[in-house]
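Residue numbers (my numbering), protein chains in the order written: chain A, -12 to 470; chain B, 939 to 1415.
Beta carbons are placed, not taken as given, at the ideal position from N, Cα and C, and that holds for glycine.
Some notes on the structure that comes next.
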Amino acid sequence: MELTRTTLRALRKALDSKEISAPELASEYLGRIGEQDGKLLSYITVTKDKAMRDAENAQKIIDSGKATALTGIPLAVKDNICIDGVRTTCASKMLENFIPPYNATVIEKLNAEGYVLLGRTSMDEFAMGGSNQTSAFAKTKNPYDLTRVPGGSSGGSAAAVSASLAPAALGSDTGGSIRQPSSFCGVTGIKPTYGRVSRYGLVAFASSLDQIGPICNDARDCAILLNAICGHDRHDATSARVDTPDFTEKLGQPVKGMRIAMPKEFFSDDIDGEVRTAVENAAKELEKQGAVLVQCSMPGLKYAIPAYYLIACAEAASNLSRFDGIKYGFRGEGRTFEELIRDSRSRGFGEEVKRRILLGNYALSSGYYDAYYKKALALKQEIIKEYNDIFELADVILTPTAPTPAYKIGAQDNDPVKMYMADICTVTVNIAKLPGISTTCGYTADGGLPIGMSIIGKRFDEQTILQCADAYEQGFKPVAPTL
Amino acid sequence: MSAYYPTMGLEIHAELLTNSKVFCTCSAEFGGTPNSRCCPVCSGLPGTLPVLNQKAVEYIIKAGYVMNCDISRFTKWDRKNYFYPDLPKAYQISQMPRPVCLSGTVNINVNGEDKVIRINRIHLEEDAGKLVHDDVNRISLADYNRCGIPLIEIVTEPDFHSADEVIAFLEKIKLLLQYAGICDCKMEQGSIRCDVNISIAPKGSTELGTRTELKNLNSLKAISRAIEVEIERQEELLENGERVIQQTRRFNEALGETTAMRSKEDAHDYRYFPDPDIPPIIFTEEELDEIKRSIPELPEQRVARYVDEYGIKRADADIIVGDKRVCDFFDAAIAQYDNPKAVANYIIGELMRRINLGEADMDALKFGGAEFAQLVEFMQTDKISQANAKTILREMIENGGTPKEIADRDDLWIKEDNDLLAKVVDEIIANNPKPVEQYKNGDQKVFGFFMGQANKALKGAASPKAIQEYIRKKLSE
Chain A
-12 MELTRTTLRA
-2 LRKALDSKEI
8 SAPELASEYL
18 GRIGEQDGKL
28 LSYITVTKDK
38 AMRDAENAQK
48 IIDSGKATAL
58 TGIPLAVKDN
68 ICIDGVRTTC
78 ASKMLENFIP
88 PYNATVIEKL
98 NAEGYVLLGR
108 TSMDEFAMGG
118 SNQTSAFAKT
128 KNPYDLTRVP
138 GGSSGGSAAA
148 VSASLAPAAL
158 GSDTGGSIRQ
168 PSSFCGVTGI
178 KPTYGRVSRY
188 GLVAFASSLD
198 QIGPICNDAR
208 DCAILLNAIC
218 GHDRHDATSA
228 RVDTPDFTEK
238 LGQPVKGMRI
248 AMPKEFFSDD
258 IDGEVRTAVE
268 NAAKELEKQG
278 AVLVQCSMPG
288 LKYAIPAYYL
298 IACAEAASNL
308 SRFDGIKYGF
318 RGEGRTFEEL
328 IRDSRSRGFG
338 EEVKRRILLG
348 NYALSSGYYD
358 AYYKKALALK
368 QEIIKEYNDI
378 FELADVILTP
388 TAPTPAYKIG
398 AQDNDPVKMY
408 MADICTVTVN
418 IAKLPGISTT
428 CGYTADGGLP
438 IGMSIIGKRF
448 DEQTILQCAD
458 AYEQGFKPVA
468 PTL
Chain B
939 MSAYYPTMGL
949 EIHAELLTNS
959 KVFCTCSAEF
969 GGTPNSRCCP
979 VCSGLPGTLP
989 VLNQKAVEYI
999 IKAGYVMNCD
1009 ISRFTKWDRK
1019 NYFYPDLPKA
1029 YQISQMPRPV
1039 CLSGTVNINV
1049 NGEDKVIRIN
1059 RIHLEEDAGK
1069 LVHDDVNRIS
1079 LADYNRCGIP
1089 LIEIVTEPDF
1099 HSADEVIAFL
1109 EKIKLLLQYA
1119 GICDCKMEQG
1129 SIRCDVNISI
1139 APKGSTELGT
1149 RTELKNLNSL
1159 KAISRAIEVE
1169 IERQEELLEN
1179 GERVIQQTRR
1189 FNEALGETTA
1199 MRSKEDAHDY
1209 RYFPDPDIPP
1219 IIFTEEELDE
1229 IKRSIPELPE
1239 QRVARYVDEY
1249 GIKRADADII
1259 VGDKRVCDFF
1269 DAAIAQYDNP
1279 KAVANYIIGE
1289 LMRRINLGEA
1299 DMDALKFGGA
1309 EFAQLVEFMQ
1319 TDKISQANAK
1329 TILREMIENG
1339 GTPKEIADRD
1349 DLWIKEDNDL
1359 LAKVVDEIIA
1369 NNPKPVEQYK
1379 NGDQKVFGFF
1389 MGQANKALKG
1399 AASPKAIQEY
1409 IRKKLSE
């Protein structure tokens, strides 16, 4: 069966019509991973045996006529979502040998559908980074250009879907970690509203910002996967008690009359010209379909990066404190508790993780709290207010997903501030707990690198951004990479 | 007389009597095989999240009400960050700026004098695990069973000026928490723990001295002793022209001394910040009212009921209410036999006497208030003699059973057997001509001698009234 950029709908049809069996489908993907992932390094662990077991069980469900949307569908899962009995490393030496004794809620939900786990995709260590180059195990490459980064932190998931080493994958997004790699790898990824998907079992980076979401070939597949993983969870007090609609419901409906805001700060000179033009052209295309473009402003954007990094690092410093080498994970050496944990953490964590822990602890220290963390919380309120104001005028907001297309591996290694600034287009969405989707809107003239645009919606209005992204995708011809 | 005046404030930790832990569904029971009562959540595995136990929130609100606190309408939780192997997440979920309860008062009575102690705050947090150090093999073992058991921390204002005041307050708090069903307050199991902040200043001075914090106080006796020892130590320092250093000190009960644990300079910077995993809570008036209404009768109300409604002496009421187990036992007894005074007298005079002698244990009593009440009733209605009642009570304490069963089995009933009574008393009178003579000459005191002899010989087979009447009749013949 042809698997290049094959959608979940097509696979469903093939499975239900017995064109292919679930075990056959799983082996085809496993075969592709075996052949091609050596170049790409999108997976940390390929769960071959489990995949075949999962597929055989799924086939029984299909044969009994009880298949649901994801029964027998092979998926890749980012390596920071806990799966019972399957090594979950967060791409860190610290958790190299960590095998969770429980399932994340999203995994329970996928199990209930009879999904097939292909493996665990690589990421920036503890989801900290935008390049996948801080991974301790698999520094993933961009499928369109192996000398370039795939983006991050869900770079493994995006690259695997892009290269058709999985038809869809789960990622997580704290400041753009689903959308930015989706943009760099030319696929579609959605960060749901904070609280839409349970975080239980997602190894926390920044708890008030983290959200699990799908990375797929298109918006329609994102809607299908989101349907499967969303919903209130009694294990996560921050998961929202809201009705969960059918996210495929508004797909295909015309965007006529939809008001699309384009805050001018997202189209400044800090954004690469080719990216800007591609997103503006996409806006014109949507306008042609009847959407109404709204010019507006978001002055608070200039504070977004410091606010985001203070909040995210403060929470991360606390969340990552539990990795002390005592109970699980990497254990260093030392005669006393203090020596032991110092050595465990010094050697178990990579440089970027340590940088953020230091930053976070500094921001929370007594005497600095008011100057940093408290101010960041005030900025957060300002950003929320500005979004609310814009949503008075518009139904969705359109921005570039990243200031540039995928950059060269190593290009930002020595400049963390520059690296942090590259998150400017995505972080405010997490701060304001909004849903955002990135889809491809063009390719660079030189090198054919994908360019992504983001559509941001009101809280819990994933339906409208999926509708808008889908409307654009229907007239867009994606180009798959050749490895 | 010392030239210094001590000032103390307390931090009390009390474990709540919830069935499950504060952020997961593990059992909150005391003890258990190490690490048998923990799950991915309370052992802090990556990816897990805390979900607040609503019962624990209800209990702390009750605690606030019984200590006359203001209950915050808006409350939230914070992370207190520090590394220690007994703290699996390396942060404790606690409350910093927005505790559930603020500014309360508790009335105490110290050596006959009433005093009001102010409560600064009460907040809800999670307990840590326990480390067991194996000095032989030079290893430390962690037991996470206690991890996540809900705790309230009660912080008082510095309103104490003697160890007696501290002890009176702790005894009062213990009663309040026990009666409200919030904490069992078993100091020996660590379900209630107390740290003492203590400083001294020259008498007449308006400023407080530098304080130290005393930890590792495992009994009321230890607290009292530690306070005395620490006051002496601080006095000695000041007398010698030295300074008291702000530090945390551990009380060594065996040596009767306090030793420095860490000074202010080594104090942790806990880097408190709002816990993003637990949404803040806003209480409605209706919710708070409902919780307030569900608070059971408190010690002071019980004393009032006993004195005003039952006519029990205040001192006796205080004794009964002073131990919730005794008090509940008393209430169960008078539900069976509506003679509170008689029941109270027999509890204080007989049951508690035996408990104090170590013959009985209130926690392991083999009978309930209802059985006890039956015994009192038999005695009051002349069905069983006082002497036999004591025998029956001893049997109940040792082997259980109801008074009726025991009396039937061991033939301990008053039988009103007039023939036997006549035979026994006639014999006594016949054998004791001298006392008979004395009585007839107007010496009433010897009547007691005949009563005693008759009681002894009859072994409860006749009621005291019947014996008395018959002796009187015979002696006046």
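Name the one or two DSSP bridge partners that residue i has.
{"i": "residue 992 (chain B)", "result": "Answer by DSSP bridge pairing: none, since residue 992 (chain B) is not bridged."}
{"i": "residue 1190 (chain B)", "result": "B:1195"}
{"i": "residue 1137 (chain B)", "result": "B:945"}
{"i": "residue 249 (chain A)", "result": "A:282"}
{"i": "residue 1151 (chain B)", "result": "B:1135, B:1186"}
{"i": "residue 1042 (chain B)", "result": "B:1057"}
{"i": "residue 1211 (chain B)", "result": "B:1017"}
To which residues of the same chain is residue i closer than 6 angstroms at the C-beta, ignoring the five residues directly before and after it?
{"i": "residue 42 (chain A)", "result": "9, 10, 13, 103"}
{"i": "residue 1125 (chain B)", "result": "1157"}
{"i": "residue 217 (chain A)", "result": "183, 184, 231"}
{"i": "residue 1088 (chain B)", "result": "954, 956, 960, 994"}
{"i": "residue 1252 (chain B)", "result": "1245"}
{"i": "residue 330 (chain A)", "result": "319, 320, 321"}
{"i": "residue 105 (chain A)", "result": "16, 38, 61, 63, 153"}
{"i": "residue 447 (chain A)", "result": "180, 229"}
{"i": "residue 1113 (chain B)", "result": "1237"}
{"i": "residue 1048 (chain B)", "result": "1102, 1103, 1106"}
Hey, could you find the ends of the alpha helix (DSSP H) residue i is sitting in?
{"i": "residue 1091 (chain B)", "result": "From DSSP, residue 1091 (chain B) is part of no alpha helix (DSSP H) but of the beta strand (DSSP E) over 1088 to 1094."}
{"i": "residue 441 (chain A)", "result": "Run containing residue 441 (chain A): none in the alpha helix (DSSP H); it sits in the beta strand (DSSP E), 437 to 444."}
{"i": "residue 1349 (chain B)", "result": "Careful: residue 1349 (chain B) lies outside any alpha helix (DSSP H) and carries neither H nor E."}
{"i": "residue 236 (chain A)", "result": "Careful: residue 236 (chain A) lies outside any alpha helix (DSSP H) and carries neither H nor E."}
{"i": "residue 1030 (chain B)", "result": "Unbroken run through residue 1030 (chain B) is the beta strand (DSSP E), 1029 to 1032; no alpha helix (DSSP H)."}
{"i": "residue 1018 (chain B)", "result": "From DSSP, residue 1018 (chain B) is part of no alpha helix (DSSP H) but of the beta strand (DSSP E) over 1016 to 1019."}
{"i": "residue 407 (chain A)", "result": "403 to 408"}
Taking the beta strand (DSSP E) that residue i falls in, what are its first and last residues?
{"i": "residue 155 (chain A)", "result": "155 to 160"}
{"i": "residue 1056 (chain B)", "result": "1051 to 1064"}
{"i": "residue 203 (chain A)", "result": "198 to 203"}
{"i": "residue 177 (chain A)", "result": "175 to 178"}
{"i": "residue 1069 (chain B)", "result": "1068 to 1072"}
{"i": "residue 1368 (chain B)", "result": "First-last for residue 1368 (chain B): 1356 to 1369, but that is the alpha helix (DSSP H), not the beta strand (DSSP E)."}
{"i": "residue 1080 (chain B)", "result": "1077 to 1081"}
{"i": "residue 64 (chain A)", "result": "61 to 65"}
Please list, in chain order, all residues of the same chain as residue i whose beta carbon is under 8 angstroms from its beta carbon, the five residues on each side excluded.
{"i": "residue 432 (chain A)", "result": "261"}
{"i": "residue 1322 (chain B)", "result": "1313, 1316, 1330, 1341, 1345, 1350, 1351, 1352, 1398"}
{"i": "residue 284 (chain A)", "result": "250, 251, 252"}
Do residue i and the ligand FMN come close, with the Cβ less than 8 angstroms from some heavy atom?
{"i": "residue 1255 (chain B)", "result": "No copy of the ligand FMN occurs in the structure displayed, which carries no ligand at all."}
Please go through the same chain and pick out, in chain order, the residues whose beta-carbon is closer than 7 angstroms to the beta-carbon of residue i, but skip the five residues on each side of it.
{"i": "residue 450 (chain A)", "result": "232, 234, 236, 237"}
{"i": "residue 1162 (chain B)", "result": "1101, 1105"}
{"i": "residue 1384 (chain B)", "result": "1373, 1376, 1377"}
{"i": "residue 462 (chain A)", "result": "272"}
- Task: Give, in chain order, every residue of the stretch 1005 to 1029 of chain B whose Cβ lies closer than 7 angstroms to some Cβ of chain A.
- Result: 1017, 1019, 1021, 1023, 1026, 1027, 1028, 1029
- Message: By the 9 angstroms beta-carbon criterion, what residues does the stretch 975 to 993 of chain B contribute toward chain A?
- Response: 977, 978, 979, 981, 982, 983, 984, 985, 986, 987, 988, 989, 990
- Message: By the 9 angstroms beta-carbon criterion, what residues does the stretch 409 to 431 of chain A contribute toward chain B?
- Response: none
- Interface residues of the stretch 210 to 243 of chain A facing chain B [CB-CB below 7 angstroms]: 221, 222, 223, 224, 225
- Item | Near-chain A residues of the stretch 1191 to 1222 of chain B (beta-carbon distance less than 7 angstroms), N- to C-terminal order | 1207, 1209, 1211, 1214, 1215, 1216, 1217
- Item | Length at least 4, wholly inside the stretch 948 to 1009 of chain B: the alpha helix (DSSP H) runs in chain order | 992 to 1004
- Query: Given a limit of 8 angstroms on CB to CB distance, which residues of the stretch 291 to 308 of chain A reach chain B?
  - Reply: 301, 302, 304, 305, 308
- Please list the residues of the stretch 313 to 324 of chain A that have a C-beta atom closer than 7 angstroms to any C-beta atom in chain B, keeping them in chain order. 313, 314, 324
- Message: Along the stretch 339 to 367 of chain A, where does the CB come closer than 7 angstroms to a CB of chain B? Name the residues.
- Response: 348, 351, 352, 353, 360
- Message: Any C-beta of chain B within less than 8 angstroms: which residues of the stretch 77 to 92 of chain A qualify?
- Response: 77, 82, 85, 87, 88, 89, 91
- For the stretch 100 to 165 of chain A, which segments carrying the beta strand (DSSP E) assignment without a break, of at least 3 residues, lie completely within its bounds, in sequence order? 103 to 108, 155 to 160
- Item | Short-range partners of chain B found in the stretch 131 to 157 of chain A, where Cβ spacing is below 8 angstroms | none
- Within 7 angstroms of chain B by C-beta, residues of the stretch 366 to 381 of chain A in sequence order: none
- Task: Could you name the residues of the stretch 188 to 204 of chain A whose beta carbon sits closer than 8 angstroms to any beta carbon of chain B, in the order they occur along the chain?
- Result: 188, 189, 190, 191, 193, 194, 195
- Can you list, in chain order, the residues of the stretch 169 to 188 of chain A whose Cβ is nearer than 9 angstroms to any Cβ on chain B? 185, 186, 187, 188
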